[in-house]
Structure formats: C-alpha cells, structure tokens
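Asker: For the protein sequence lines, the chains are A and B, in the order given.
Residue numbers for the first sequence follow the numbering used here, so the first one is 1399 and each next one is one higher.
Residue numbers for the second sequence follow the numbering used here, so the first one is 1399 and each next one is one higher.
The structure under discussion is supplied below as structure tokens; questions concerning it will follow.
2 protein chains.
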Amino acid sequence: MTLPIASVPNGTVTSAKGFSAGGVFAGIKTPGADKKDIGLLYSERPCAVAGTFSQNSIVSPTVTLDKQRVGIDKRVHAVVVNSGCANTAVGDQGMVDAKAMTELAAAHLGVSGEQTLVSSTGVIGVEIPMALMREFIPKINVTANGGGEFAKAILTTDKRTKEIAVSFDVDGVTHTVGGVSKGSGMIHPNMATMLAFTTTDANVDPAFLQATLSEAVKLSFNQIDVDGDQSTNDTVLLLANGAAGGTIISGGDEASEAFTTAVLKVCQHLAIEIARDGEGATKLIEVTVNGATTTDDALKASRSCAASLLVKTAVYGRDPNWGRIFMAVGKAQIPLDESKIDCFVNDIQIVAEGKAISYNVQSVVSALGGDEVRLRVDLNIGDGTGVAWGCDLTEEYVVFNSAYTT
Amino acid sequence: MTLPIASVPNGTVTSAKGFSAGGVFAGIKTPGADKKDIGLLYSERPCAVAGTFSQNSIVSPTVTLDKQRVGIDKRVHAVVVNSGCANTAVGDQGMVDAKAMTELAAAHLGVSGEQTLVSSTGVIGVEIPMALMREFIPKINVTANGGGEFAKAILTTDKRTKEIAVSFDVDGVTHTVGGVSKGSGMIHPNMATMLAFTTTDANVDPAFLQATLSEAVKLSFNQIDVDGDQSTNDTVLLLANGAAGGTIISGGDEASEAFTTAVLKVCQHLAIEIARDGEGATKLIEVTVNGATTTDDALKASRSCAASLLVKTAVYGRDPNWGRIFMAVGKAQIPLDESKIDCFVNDIQIVAEGKAISYNVQSVVSALGGDEVRLRVDLNIGDGTGVAWGCDLTEEYVVFNSAYTT
C-alpha cells in the first residue's frame, strides 16, 4: 500500500517541525518594497544533511565549504544565505568570508560554526560586503513562521518566491517535507544561480537522505533549463531534524517510499517554478519523452528538447514546428527509430510514425498560446520515460541580459 | 621548410582545376532577386572524396545516402544540392527522392548515379517537390566560373554567400583548395543547417584526404556556434580530382603539410563566415583558450564560452561581465586552477590570477562595440590551445525564430 501525500496549505521551508527562519534587508541588493537579502534557516535539533552542488569547474567557496560540512557523519543546525553577491572568483578572500559568515550566524544562534552552512547568489567577481554581514546577521529574528521571509531573502531578480510543503502520516505521526528555491532571475551584472533549501522533520538515516535527494534532484532540478548556462553557485540542501518523532526512515518500507515521493514532489515543484519564472519567459514548457530504450535516454532527450533555443522560440511564436522537436530529440544522440516517433502538443497528435499528419492547426496554435505547453514525444521502442521543464525564449531575455552595460 | 599558402582572388568552389558548377531557381524557395535553389557541382575527372556528417540521431536520407557513397574506395563526379526543403522526416519517400535527385543530376551530366552525392537544406517534414527537380536539374549549366551561382543555390536565409580558395605550389605545380558553405539563416518554418562543399585539384590519397578533412572540421565547423542546435542535415564534403597534375599527397612531406594547412584555412574561413552570419547577429565573437592541460580541453572550453547565451548577450550589450566567461569556461568541466586564470577582451586584460583588475572600462566597452570581439582566457596550467567562434545573441534572433506562426 502506498501512503497518501498531502499538500500543506501555505507550505514553506519552516512547515516541518522544529525549523525556524527569518530574513533581513542589509543593502547588498538595491532597495525595493519588501526586499530582503540575508536569510537564516535554523533547527535547534541537529539535522542530518544531504546536498547536491554545481558541477562547474569554477565554484563559489560557499559551495566548497558546504561540501566539506555535508556528509553521512555530519550534522548541521543552520544555513545562512545572502543574495546580491555570489562570493565567487574573488581569490582567497572568498573562503575567509564564507567561513566568517557561518561564524557570525552560529554566534547569533548559539550553535557551532562548523555546523552551519552558507550559500551566496548574485554578482560574480565582487567580494562580500562583510561589514553589512557583521551588522545585519545578528539582527535576523528566526521564527517558526519565518519561511516566507527566508524565501524572499534568497531571491535575486526572480519575479516571485518559490515555496512548498507536503506531509504524510506514518502510524499516526505526521511527517512534513518543505522547501524553498530561487533562480532564473538576473540582475546587473549578474548570473542566474539556482539555490534550493528543503527541510523535513522526519527521522532519516543520513545515507538514505543523500540517496533520496540525489535521485529527486536528478528528476527535478537536473531536468530544467532556462538558458543552458550552469552557475558556479548551484546548491540543493535537504536538512532532516527528526522533530516529528517518528521511527527512522532508511529505505525498504512504506514510510521510506512516502518520504521519497514527498521529497520528489517538493523538488519537482521548486524546479518547475524556477523554469516558469525563467528570465523573460511567458510560459512553462513541459517535455515528456516516452518509449525510450532507457530512463536515462528519455531524461536526456526531454531535456535536450526543453533546452533547445529553436523549440523555445517556436513555442513562444506559437509555431507547431515539429521539425525542431525532432532535431532537438535527435541531437541527444539516443537510440531511436524515426519511423516510430509520434508527437503531441498538449494532447493533439501532430506527427505519427515519423511523418506529419493532418491536424487542426488552429487548435495547436491555440494550445501553444497557453501559460503551460506540454510537448510529448513517443519513441515507441522501449519503456523509458523522462520529463523536463523549460520556458520560452523571448526578446525580453536578450534585453534583460544585454541592456545593462557597466 | 613550410610551403607558402596564397589566397586566390575571388576564390570559390570551382577555383580548383577541373571543377565546374552552376545553379538555377526552381521555385522551391520564395522568389527574390538573384535567388537560386538547386546547385550542381561537377568534375569530369573522378574525385576521391571525404565527408563529415551530422551526429544527430535523426538525419536526412541525403546524409544516409552520402555516407554510403563516401569512402576510401569510392569515387564521385558530382554533388546536387537544393535549398528550401530539407528532405528530412518524410518517411521512406525521402530516400526514394534523394536517390532520384542523384539520378537526374547524373543523367544530365553523363555520369553514374552511384557516383553522385546529394544534400538538401530547408524545411523539415516536407517532401521534396520532385516535379521541380525533374524540370530544373536538366537546365543547370555547369561552367568553370559557376562557383558563385552554386554558392547562391545552397543558401537559405543567409545574408551572404561564403566562398574562398587558396593555393600552394609544389615543384612548380599549383595546387588549389576551394570551398563554399551555407548556414545560420532560418526561414519559416525552418531550421539552420550547415553545409560546406570543398574541392581540390590536388592528387590526394583517399585515406589522407579523410584524415585531413576530419582534423580540419574538428578545428573549424565543430568549433562554431550560433544557437546550440544541431541540424539533421549538416554535411561537409571535400572532393579531390587530381587535375593539378601533381604527385600524390599522402602525408609525411612538405606538400602534405601545405595541403593540410590549405584545407584548414578554407574550412576555418567558411566556418567563421557562418558564425558571423548567425541569425540576428551583429558581431563575430572569437574565443581563444590558452594554457589548458590538453588541446581538447581548450577546444571544449572555448566552444562552451562561444556558445554561452550569457556571454553572447553580454557581448551584444558591451558588458565586460567576465563572471559569465568564468562560468562558461568552468561549465566545460575541464581541469583548471581558478587562481591562475587571466582574461582579455581584444588585448585588454580584465582579469589577472582569477581576480578583477582595474582597467579602463571605456576601452573595454569600446572594444566590445566592434564588429569582431576577441575574448581570450589564459588558464596557465598547460600548453593546450583552442579557438572557437560564435556570434552575439540579439532580439532579432528571437523575432526571426518566433514571429512566424503557421
């Protein structure tokens, strides 16, 4: 039997028991209504922690430091995050400042610096304004209702916060998984960076926690695309503090299955919201590839399609140009048989057995005009399925990323 | 000693002895001043032939057919090319039509269909209008001055033809290498396809011919980027007819070295012209990566940088945003030491040992405003060097590829 997963109304990163958070405006970003630029996430109970990080050869020292402090034998109490400055490519000072940020947060919360993580997002090549950190980190008030403030504090030019929580019951004990993310916005002169912080009050075995997060990230954050560029600061963290009081979750049972599903649900929601909020985007594009030889092939092909500029511009222009979909699936270089491919826009079939079929053009153009467009490619040669999410490419993307000169 | 390579004034694909070509307007494309849409390239002497083709899992049957007809033991006399229709994703009819095109061209020229190659570029998912082929292929007049007509016949929405020839002398015998290419233009509903046809009157050993072309393509066409998408029809051919009357070129001597250099020169020119003519582009971007551990690392990193949307938009906006260059080089995931990286725009240094240095911002902004922008990244950890070429990303790219709805 599968345990049901429920949505938590107004769920956020502090919906799981024992987590509190807050945010403050320190002036790292330009001021604005209700803006915040330093956030703090805290659990009095020590948390098992899992993380996935940018694969870029150049990473922020915050990523390097977090990697050292995340592991099966590690426990953490807090994460401090600033937006507006990436603390990347600033030489040795970067690591000095990253550590100092964790010390400031730890002193404020009364925990150990070694058990505090740090993330930064914003301009590359500029040092963190440590005077602001020293002044404002101690002013952050962490509360059980502070998830929303934290969600605001990590944004750069995102148009909205991205938050969710879900829960499931095991033997009368409610377990919650919550999270926040940011990404896809750009400020001058800046680079999109993707951050996500997820929490749970489940009592999770650390190795199972990392395995669950890695699998969820593979099917969520690693399947989205806005512009093909990979940040130096990308980070996803999952903190588990066990505050729900349930028995240990370590795989192989119903509760573990529910936990895995809950984490995947949270990660996919946060990832999809990043794609939807892509710079200049007017719509979300969901690409499903079915019938591939393997799941990995299907994931690769769906992401190739969601990342193709020609697919993105065709969707923007409401052009049912399926030749571009073929091209984009084919450039993933997975095994396929062209004569077996079917294509659908929303649920309207436009290609059968590799060839155009007659369809109502107006229906397809209309489908492409919605806020969400679903493209489906059935390869019909196996059982592998994969889904990826992107957004359309508009003139606004170009304007946003080129119109600001230093 | 190295043999000097000379430019051939007004050089084209028929500059090499024994090659003739022509073009005709058949009405596959929409009409326009001086437009042509079927081209024919011919050599009475049989040619050794080398080719490189699209790696897309979905390819045009013209690519499949050419692959069968190109090889060390094969000889060819002609290439027929149409623009306006890609002959891709049309089911079994595609191969039937591709073969029929070669038969029509062969009958017209009095050669064997098996020794005739074919390329198509244009709309995907639409069958070749064979009635037009039957009517117009026999009307193509091939002449020794017809290289320019052929160059026009292969264009889609390219803004200009791309042609070149170079020559070198071996023991008083002049050897010429010429070529034409097309690419980077889009028409509705269409996909950029890259085609290049190169010729030489040198007497080249077929295995050496293929090795030379493969290496040249690696350093030219495989190092350019307009939008990250890979066509189903990409083809580069090199035909060698031996008409110069020189001794056989098969590697290991001065003449072979000159031949290799000449082919690389022709391929790089044709590739760079494609990047310069990228859809919506206002400038050419050349990215050089020096001091990588290996040549392959340098090639990979330079192309990653030339292909980055954030680098392309920064150059368009004249924004010396070197954080994006770092990000793009790093996402190639090659070995590097951040603290050793130097960056230059044209020859102005903007980053030293991984950190911003003070430079004259107005000079850099002015350099970014030119028609050609040179970015250079010195990794300073080895001897590997690589160069790649791209173009800036402008609103026009988006408009061009989205504003046409069916």
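Using N, Cα and C, we set each Cβ at its ideal position, and we do this for glycine too.
These figures come from a predicted structure and were not determined experimentally.
1) 7 Å is my cut-off, CB to CB: does Met1725 of chain A come that close to chain B?
2) May I ask which residues mark the beginning and end of the beta strand (DSSP E) holding Arg1558 of chain B?
3) Give a yes or no on whether 7 Å exceeds the smallest Cβ distance from Ser1441 of chain B to chain A.
4) State the CB to CB distance for the pair Ala1414 of chain A and Thr1597 of chain A, rounded to an integer number of angstroms; the pair is presumed to be in contact (CB under 8 Å).
5) At the level of alpha carbons, what is the spacing between Arg1716 of chain B and Lys1710 of chain B?
6) Is the separation between the beta-carbon of Ile1426 of chain A and that of Asp1432 of chain A shorter than 7 Å?
7) Which chain A residues sit within Cβ distance under 8 Å of Ile1746 of chain B?
8) Look at the Cβ atom of Lys1681 of chain A, then the Cβ atom of Val1797 of chain A, and state whether they are nearer than 7 Å.
9) Note down, one range per segment and in chain order, each alpha helix (DSSP H) of at least 4 residues found wholly within the region 1569 to 1646 of chain A.
10) Straight-line CA distance for Arg1701 of chain A to Asn1485 of chain A?
11) Give the DSSP-derived three-state secondary structure of Leu1668 of chain B in the structure shown.
12) Whose C-beta lies closer than 6 Å to the C-beta of Lys1580 of chain B among residues of the same chain, with five residues either side of it excluded?
13) Rounded C-beta distance between Gly1409 of chain B and Ile1646 of chain B? I'm assuming under 8 Å.
14) I'd like to confirm the pairing. Which residues does DSSP put opposite Ile1403 of chain B in its beta bridges?
15) Using 8 Å as the Cβ pair cut-off and three pairs as the minimum, do the region 1443 to 1462 of chain B and the region 1608 to 1615 of chain B touch?
16) Give me the chain B residues within the contact set of Glu1671 of chain A, using Cβ-Cβ distance strictly less than 9 Å, ordered along the chain.
17) Once you ignore the five residues that flank Arg1774 of chain A on each side, which residues in its own chain have a CB closer than 6 Å to its CB?
18) In this structure, does DSSP put Thr1450 of chain B in helix, strand or coil?
19) Would you please state the rounded distance, in angstroms, between the beta carbons of Ile1366 of chain A and Trp1787 of chain A? I believe it to be under 8 Å.
20) Quick one, are the C-beta atoms of Leu1463 of chain A and Ala1504 of chain A less than 7 Å apart?
21) Hey, is Leu1463 of chain B's beta-carbon within less than 7 Å of any beta-carbon in chain A?
22) How would you call Val1634 of chain A, buried or exposed, if buried means at least 16 neighbouring beta carbons within 10 angstroms?
23) In whole angstroms, what is the alpha-carbon distance linking Thr1692 of chain A and Arg1558 of chain B?
24) Between which two residues does the beta strand (DSSP E) carrying Glu1533 of chain B extend?
25) What ranges does the beta strand (DSSP E) occupy inside the region 1426 to 1494 of chain A, keeping only unbroken runs of at least 3 residues that lie completely in it?
26) Between which two residues does the alpha helix (DSSP H) harbouring Glu1812 of chain B extend?
27) In its own chain, which residues sit with a C-beta less than 8 Å from the C-beta of Glu1652 of chain B, not counting the 5 before and 5 after it?
28) Find out if the Cβ-Cβ distance for the pair Gly1676 of chain A, Val1624 of chain A is shorter than 7 Å.
29) Using 8 Å as the Cβ pair cut-off and three pairs as the minimum, do the region 1726 to 1743 of chain A and the region 1458 to 1478 of chain B touch?
30) Under a CB-based cut-off of 7 Å, is Val1489 of chain A close to chain B?
31) Excluding five sequence neighbours on each side, which residues of the same chain lie with their C-beta closer than 8 Å to the C-beta of Gly1583 of chain B?
32) For the region 1492 to 1504 of chain A, which residues have a beta carbon sitting closer than 7 Å to at least one beta carbon of chain B?
33) Under 8 Å by Cβ, that's how I've got Lys1465 of chain B and Phe1451 of chain B pegged, so tell me the actual separation to the nearest angstrom.
34) Determine, for Ser1800 of chain B, whether the minimum Cβ-Cβ distance to residues of chain A falls below 7 Å.
35) Mind pulling the beta strand (DSSP E) runs of 3 or more residues that sit fully within the region 1711 to 1792 of chain A?
36) Could you tell me which residues DSSP puts in a beta bridge with Ser1517 of chain B?
Answerer: By the coordinates alone:
1) At least one chain B Cβ lies under 7 Å of Met1725 of chain A.
2) From DSSP, Arg1558 of chain B is part of no beta strand (DSSP E); its letter is neither H nor E.
3) no
4) 5 Å
5) Between Arg1716 of chain B and Lys1710 of chain B, the C-alpha separation is close to 10 Å.
6) no
7) Correct list: empty, because the minimum Cβ distance to chain A is about 14 Å.
8) Val1797 of chain A sits away from Lys1681 of chain A, with the two beta carbons spaced by 7 Å or more.
9) 1604 to 1616, all fully within the region 1569 to 1646 of chain A.
10) 29 Å
11) helix
12) Ile1552, Leu1553, Asp1556, Leu1593
13) Actually they do not touch by this definition, with Cβ atoms about 24 Å apart.
14) Answer is none; Ile1403 of chain B lacks a bridge partner.
15) yes
16) Within chain B, no residue comes near Glu1671 of chain A; the closest Cβ sits about 21 Å away, beyond 9 Å.
17) Thr1686, Phe1742
18) strand
19) There is no way to answer for residue 1366 of chain A, as the model of chain A reaches only from 1399 to 1804.
20) no
21) False, the Cβ-Cβ gap to chain A never drops below 7 Å.
22) buried
23) 44 Å
24) Not the beta strand (DSSP E): Glu1533 of chain B falls in the alpha helix (DSSP H), residues 1528 to 1534.
25) 1436 to 1451, 1473 to 1483
26) The displayed coordinates of chain B run from 1399 to 1804. Any statement about residue 1812 of chain B would go beyond what the structure contains.
27) So the qualifying residues of the chain are Met1399, Thr1400, Leu1401, Val1568.
28) yes
29) no
30) The sequence given here has Gly at residue 1489 of chain A, not Val. Yes, because at least one Cβ of chain B sits closer than 7 Å to the Cβ of Gly1489 of chain A.
31) Per-residue confidence for Gly1583 of chain B stands at a pLDDT of 41, beneath the threshold of 50, marking its modelled position as unreliable; the derived number appears in the next sentence. Around Gly1583 of chain B: Leu1553, Thr1554, Thr1555, Asp1556, Lys1557, Ala1590, Asp1675, Glu1677.
32) Answer in chain order: no residues at all.
33) 6 Å
34) Yes, its Cβ sits closer than 7 Å to a Cβ of chain A.
35) 1740 to 1743, 1746 to 1750, 1770 to 1776, 1782 to 1789
36) B:Val1479
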